[in-house]
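Peer 1: What follows is a single structure, and I will ask about it in a moment.
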Amino acid sequence: MAQGGLNKRLISWSIDEIRQGQLWPIAISLSLIIACIFGLSALAERMEQVIVKQGKDALTADTVYITANPITDTNLQYIEASGLNSSFYTRFATMSFSDNGMQLITVKAVDDHFPLRGTLTLATDTGTQHHVKPGELWLDSRIAEQLGVTQGDVVTVGDADLTVSGVILEEPGISFNPFQQMPTAYIHQESVDETGAIQLGSRVQFRAYLTGEEAAITQLKQQIELTPSDRWRDQSSGSRTNEIFDRTTQYLSLTVAIIIIMAATTLVLTCQNYVQSRRQTVAMLKSLGASKSWLVRWLSIQTLLLVVLAIVAGLVLGVLLETLLRLPLTDLLPDPLPGYGLTPAVIAVVSSLCIGVPALGIPLYKLISVSSVEVLQSADENRGGFIYFLILVPLTPLLVVYRDNNLVWIVLAGIIGLFVVLGAISVIFTWLLSKVSLPVSMKLAVSRINRSKRHTGLQYGALGLSLMLLTTIWLVRSDLLSDWQRTLPVDAPNAFALNIGEHEKQSYLEALDGNNIQRSEAFPISRGRLTEINGEDAQLRQKQGLEQEDALTRELNFTYAETLPSYNDVIEGEWTKTNGVSVEKDVAENLNLKIGDKLGFTINGQKISANVNSIRFVEWRDMKPNFYFIFTPDVLANIPSAWLVSFRLEDKDNQLIGELSRNHPTVSLMDIRLMGEKIQGLLSQIVWSITVLAALGVLSGVLLIFTLLRLSLSQRQAEIRLYRTLGASRRRIVRTIWAEYGIMAIISGLVATLGAEVVVGSIMKFGFELPWSWHLSTWMVVPAIAFVTLALVLFSLIRQMLTTSQKQFA
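Everything in the sequence shown is counted per the UniProt record's numbering, starting at 1 for the first residue and increasing by one.
Written out as structure tokens, the structure reads:
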């Protein structure tokens, strides 16, 4: 009974300690950690599902098996036995004829299940449908206009006479390579043999679209043996758009990790502040006879109550936070929203407990080890080196979860480096300041900094760390958005004219120029294959199954020019006038091509050769005419070519499109404005997502700085009382505090900006493989944020501190 009464009293004292003592800042810090991790994890979980879905919709499946040969019976059996949902697709080019004209088209033969993901919208005079049925023919609206046909008319596709069922309103998927596309027609797989268009030597692509469990997909990939003509395409390799999906996912992960780091820093410093404030209390309790076991029970009950309270409050706040974060995204997110399940709650609680074990355990152990002698005088701390092994509790899962995330390790390395740099700069700077003549207030500030180097170093490190992390979040966001803007620039070409004959080139270009259409230069186009590298079969350089090596698995578009395009950057070698070929950087790296290598090609049945004279960086996403290989004019002098030109259309130019199609019926005109709208919508959704997360990260950083400065100033209460006792005026105390923290804000801001630039540069180069440049405006903004935050803290606390000190002095 006595024991039960004692436990009740301990619980009552613990509650009083939380309510009246200094444990409540720890509870708030722990709650904020849980809320931030939960809110970010829940939103990131939803956004990742949305982004992954968008990626798979763009691919129209979870994965795609692509081959230049008919899919073998063995592989068909593997696909059927896998239990995956499947859809089969055949693509080929052929001529189409009507009573009013003819047109070279791309025929996409699909089955009843296509598409497995995304949307195919087909329009008739009476409505729409989303799947192709046997015997149907659906035409791109431009083909219908060029052939002069409407629904119900007959069009000959190859050898097949098919009745037009309607027009294509929307196709699934997003492609950044318009040069492989011609105006499209959809037919059913049952009509392929009827067309007679697929013969020995025909350029055909066969695909199997697959959706289902990841394990089944992995097993199928292991069963199907790839040939040089085969490859898999999934979300990570489907197209250049997937770089955006991958980088967005990486950014979400990086932001969550940085928020955790900042929250953990807040908790550690708050715990340290609590321990320092309670050392005298514990020493007094020991001097009154309190045993170590009693203190352990007392502090354990407080900690347990604290953790339970923080978990409940943190999860409630986390749900509210996630809801608030979604408000700006309401029009961009799908309805209904994908759920986030229990995973964010588990992540939040486990992460906070892992962080809390060393953050609370280490200082509380030191608190229990306080000697009763400290009632009379300060004593050295009992170091207890083994207790620092508690740091492994959060570090171990961090190593497991982020072992493959280079971005997080770059940030952690930046954190360590920043602490070292800040420590060195603070010591050197304050030592130099002590050697010069300064006003009294400045001397007092410098003297205090020099008097407690370890404490000052921690303050500098924590403040600089917070500034560096929030700067890193925002700069990475800005650099990513800057790169993504190149995906579809505002003035990017949105139409391409292919197969322009030599005899009509001049009139076609004059028609564009006469209507003030912004266009590129015209490029001669020939199709062929790379066959030899330094006299050896080029296929020996092929890496099976990797899409990046498809320069060897299909025919390519070749061109020649007197000079290289101005928008291609030469990174190695230089352009020559004769017997030369310039190679795109990725192809050169993948095939290990060097300057001076002799390459052999087969173009239109003719064999030619040229020496590599330069290697170019090509930004494929800018939608301009780009090529893997560009020859000097003499190399292709005897090769017949058609011409290509890109240009930008506006709504007012719709009549011009019709005129060009009628006047040049053999020219393939590709209007990709609809594709551009799809890409812009996708980018808008992703940009909003990372902007909201970045803003939250910056806000968390500013709140952390605010907390750090408040804690630091509250620890100055005893010193202010001493200054007042010694007769220091209110004005001098205020000036001294402003001088000390002003120095801290400026130095921390500048060094944190330097640290952020190094970290962001490393992230962009090694994490995202993107170019990086200095952010000059940040060098002014970050110190300004630090100083403004400092001013807010000082204005909120200094009057209260001086008033309290004055009353105690009186």
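Quick reminder that beta carbons are idealized off the backbone N, C-alpha and C, glycines included.
Keep in mind it's a predicted model, so treat the numbers as computed, not measured.
(1) Could you give the residue range of the beta strand (DSSP E) that holds residue 524?
(2) Based on the DSSP output, what are the partners of residue 557 in its beta bridges?
(3) Please identify the residue among 190, 281, 661 and 738 whose C-alpha is closest to the C-alpha of residue 792.
(4) Please state whether DSSP places residue 505 in a helix, a strand or coil.
(5) Consult DSSP for residue 429 and reduce its assignment to one of helix, strand or coil.
(6) For the stretch 511-526 and the stretch 576-592, state whether three or more C-beta atom pairs, one from each stretch, are separated by less than 8 angstroms.
(7) Hey, quick one: how far does the alpha helix (DSSP H) through residue 192 stretch, first residue to last?
(8) Tell me which same chain residues have a C-beta within less than 7 angstroms of the C-beta of residue 344, skipping the five on either side of it?
(9) Apart from the five residues just before and just after residue 795, which ones in its own chain have a Cβ nearer than 8 angstroms to its Cβ?
(10) Just confirm the distance between the C-beta atoms of residue 593 and residue 500, as a whole number of angstroms; I'd bet it's less than 8 angstroms.
(11) Report the option in 27, 623 and 567 whose CA atom is closest to the CA atom of residue 304.
(12) What does a CB cutoff of less than 7 angstroms around residue 563 pick up in its chain, not counting 5 residues either side in sequence?
(13) My guess is that residue 166 and residue 122 are in contact by the Cβ rule of under 8 angstroms, so how many angstroms apart are they, rounded?
(14) The alpha helix (DSSP H) that contains residue 233, what's its start and end?
(15) Would you call the stretch 749-766 and the stretch 462-480 touching, i.e. three or more CB-CB distances under 8 angstroms?
(16) Using a 10 Å radius around the Cβ and a threshold of 16 neighbouring Cβ atoms, would you call residue 142 buried or exposed?
(17) Comparing alpha-carbon positions, which option in 70, 82 and 276 lies nearest residue 211?
(18) Measuring CA to CA, which of 606, 649 and 660 is closest to residue 639?
(19) Can the beta-carbon of residue 623 be found less than 7 angstroms from the beta-carbon of residue 493?
(20) So is residue 790 buried or exposed if we call it buried at 16+ other beta carbons inside 10 Å?
(21) Quick one: what does DSSP say residue 298 is sitting in, helix, strand or coil?
(22) Since I believe residue 190 is in contact with residue 134 (beta carbons under 8 angstroms), could you give me their beta-carbon distance rounded to a whole number of angstroms?
(23) Look at residue 861 and residue 145 and say whether their C-beta atoms are less than 7 angstroms apart.
(24) Taking the C-alpha atoms as reference points, what is the distance between residue 90 and residue 196?
(25) Quick one: is residue 341 buried, meaning 16 or more other Cβ sit within 10 Å of its Cβ, or exposed?
(26) Helix or strand or just coil, what does DSSP make of residue 795?
(27) Use the C-beta contact count for residue 298: other C-beta atoms within 10 angstroms, 16 or more gives buried, fewer gives exposed.
(28) Quick one: any contact between the stretch 62-71 and the stretch 226-234, if contact means 3 or more CB pairs under 8 angstroms?
(29) How is the beta strand (DSSP E) around residue 204 delimited, first residue to last?
(30) In angstroms, rounded to a whole number, what distance separates the CA positions of residue 657 and residue 670?
(31) Ignoring anything shorter than 3 residues, give me the beta strand (DSSP E) runs that lie fully in the stretch 40-124, in order along the chain.
(32) Assess, as a yes-or-no matter, whether the stretch 597-613 is touched by the stretch 461-471 under the definition of 3 or more beta carbon pairs within less than 8 angstroms.
(33) So, helix, strand or coil for residue 672, using DSSP?
(34) Helix, strand or coil for residue 773, going by three-state DSSP, please let me know.
(35) Which residues does DSSP pair with residue 537 in a beta bridge?
Peer 2: Based on what the coordinates show:
(1) 523-533
(2) 527
(3) 738
(4) helix
(5) helix
(6) no
(7) Unbroken alpha helix (DSSP H) run through residue 192: 192-195.
(8) 38, 41, 42 and 45
(9) none
(10) Residue 593 to residue 500, Cβ: 31 angstroms. No contact.
(11) 27
(12) 575
(13) That belief holds up - the Cβ atoms of residue 166 and residue 122 are roughly 6 angstroms apart, short of 8 angstroms.
(14) Residue 233 -> not in any alpha helix (DSSP H); beta strand (DSSP E) instead, spanning 230-234.
(15) Pairwise C-beta distances place the stretch 749-766 in contact with the stretch 462-480, as three or more of them are shorter than 8 angstroms.
(16) buried
(17) Selected option, being the one with the closest Cα: 82.
(18) Closest option to residue 639, Cα to Cα, is 606.
(19) A distance below 7 angstroms separates the beta carbons of residue 623 and residue 493.
(20) buried
(21) helix
(22) 5 angstroms between Cβ atoms; contact.
(23) Lying outside 1 to 810, the shown extent of the chain, residue 861 is not represented and no answer is given.
(24) Rounded to whole angstroms, the gap between the alpha carbons of residue 90 and residue 196 is 13 angstroms.
(25) exposed
(26) It is helical.
(27) buried
(28) yes
(29) 204-211
(30) 10 angstroms
(31) 63-67, 85-98, 101-110 and 121-123
(32) no
(33) coil
(34) coil
(35) 532
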